[in-house]
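Trainee: Numbering (this note's numbering), first residue to last: 19 to 334.
Glycine is no exception: its CB is placed at the ideal position from the N, C-alpha and C atoms.
Fair warning: this is a prediction, and the values are worked out from it, not measured in the lab.
Please read through the structure below; I'll follow up with questions.
Written as structure tokens, this is what we have:
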């Protein structure tokens with residue numbers, strides 16, 4: 019007779035749940051990846067076609083001598099060597115740096131002043147915010163033409179007002195000394211609204227309780243701003259500085275319309291030089307090489323800022 023063997027509960031064999039096969043996991047991952055690529059395609063395809071692919075093409079062209087008509091001729095790193103030893107290259111970068119030194123403090127200080135003013139309880143502050151932001155969405159060509167007329171040495175409004183005040187009337191964009199300051203004024207005026215919006219959003223995130231506590235402790239308006247508002251505004255300041263520096267290195271539209279790089283090359287900047295090399299002198303290889311040199315400088319400056327933010331940006 020057969021005997022049944024009883025299995026005690028503590029002697030029961032644990033059965034593990036079935037695990038998905040590796041091939042099944044791969045199919046699921048591929049399916050998810052396909053859906054991700056499908057949803058990214060509307061933005062990824064234009065990015066690939068109009069941004070990434072031209073970047074690699076530009077890097078390839080920079081290693082050749084090419085006038086955009088005849089076949090390309092391989093010359094390796096000669097374009098870079100020639101540009102780095104050319105006085106014209108250092109001149110255009112010095113003009114770009116001069117533009118940045120005037121533009122960045124002016125646009126930041128002006129934007130901060132407007133942001134602080136419009137953060138107060140004013141009746142028409144909504145209208146004023148919109149009015150200050152209008153130049154940001156205005157075409158650069160239109161803005162540059164208006165400022166070219168305003169700063170016209172002969173019949174411009176600015177020199178007319180300076181004459182009424184018996185002040186010197188500069189030659190502005192027709193004078194080599196005043197050409198870059200003319201563009202700085204136009205650029206700062208146009209970008210004030212953008213900086214104002216960023217800093218205003220930063221001001222509105224600062225807790226009012228901190229300001230009220232400082233007021234009760236006897237801190238004046240300037241001390242509250244310098245010791246509380248300004249440090250807590252550092253994340254917005256960091257963003258504004260990074261974006262403004264990147265845009266400043268790439269300044270072109272206003273220079274091209276207002277001065278054309280003149281007079282006598284006094285306002286020629288890096289991107290203007292790239293344009294001239296490619297479309298005036300037919301040196302596409304050197305233009306591409308100079309664009310990569312500019313890219314490397316912007317990347318290095320941005321990396322230094324990203325690393326330095328740990329010391330002065332307060333995210334508390």
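State the start and end residues of the unbroken alpha helix (DSSP H) segment that holds residue 310.
Mentor: On the chain shown, residue 310 is found 292 positions in, with the first residue counted as 1. Element bounds for residue 310: 302-330.
Trainee: Do you know offhand how far residue 117's Cα is from residue 138's?
Mentor: Position 99 of the chain shown, counted from the start, is the residue given in the question as residue 117. Position 120 of the chain shown, counted from the start, is the residue given in the question as residue 138. Cα to Cα, residue 117 sits roughly 32 angstroms from residue 138.
Trainee: Smallest Cα separation from residue 88: which of 112, 155, 292, 79?
Mentor: Here the question's residue 88 lines up with position 70 in the chain shown. When each option's Cα is compared against that of residue 88, the closest is 79.
Trainee: Ordered along the chain, which non-local residues of its own chain (more than five positions away) have a Cβ less than 7 angstroms from that of residue 379?
Mentor: Because residue 379 is not part of the residues shown, which for the chain are 19 to 334, the question remains open.
Trainee: Where does the unbroken alpha helix (DSSP H) through residue 274 begin, and where does it stop?
Mentor: As a first step, residue 274 must be located in the chain shown, where it is residue number 256. Element bounds for residue 274: 271-276.
Trainee: Got a sec? Which residues, its chain only, sit under 7 angstroms from residue 212 by beta carbon, not counting five neighbours each side?
Mentor: Against the chain shown, residue 212 aligns to sequence position 194. Excluding sequence neighbours, residue 212 sits near 154.
Trainee: Could you tell me which whole alpha helix (DSSP H) segments of length 4 or greater appear in the segment 219-277?
Mentor: Fully enclosed alpha helix (DSSP H) runs of 4 or longer: 226-234, 239-242, 252-267, 271-276.
Trainee: Excluding sequence positions up to five away, which residues of its chain have a Cβ less than 8 angstroms from the Cβ of residue 131?
Mentor: Position 113 of the chain shown, counted from the first residue, corresponds to residue 131. So no residue of the chain qualifies.
Trainee: Helix, strand or coil: how does DSSP classify residue 83 here?
Mentor: As a first step, residue 83 is located in the chain shown; it is residue number 65 there, counting from the start. Residue state, collapsed to three classes: strand.
Trainee: Compare the Cα-Cα distances from residue 203 to each of 242, 309, 162, 171 and report the closest residue.
Mentor: For the purposes of this step, residue 203 is identified with residue 185 of the chain shown, where counting begins at 1. It is 162.
Trainee: Would you please state the rounded distance, in angstroms, between the beta carbons of residue 276 and residue 290? I believe it to be under 8 angstroms.
Mentor: Residue numbering aside, residue 276 sits at position 258 when the chain shown is read from its first letter. Residue numbering aside, residue 290 sits at position 272 when the chain shown is read from its first letter. With a Cβ gap of about 11 angstroms, residue 276 and residue 290 do not count as contacting.
Trainee: Measure from the alpha carbon of residue 191 to the alpha carbon of each residue in 177, 185, 94, 181, then state which is nearest.
Mentor: Here residue 191 refers to the residue found at position 173 when the chain shown is read from its first residue. Selected option, being the one with the closest Cα: 177.
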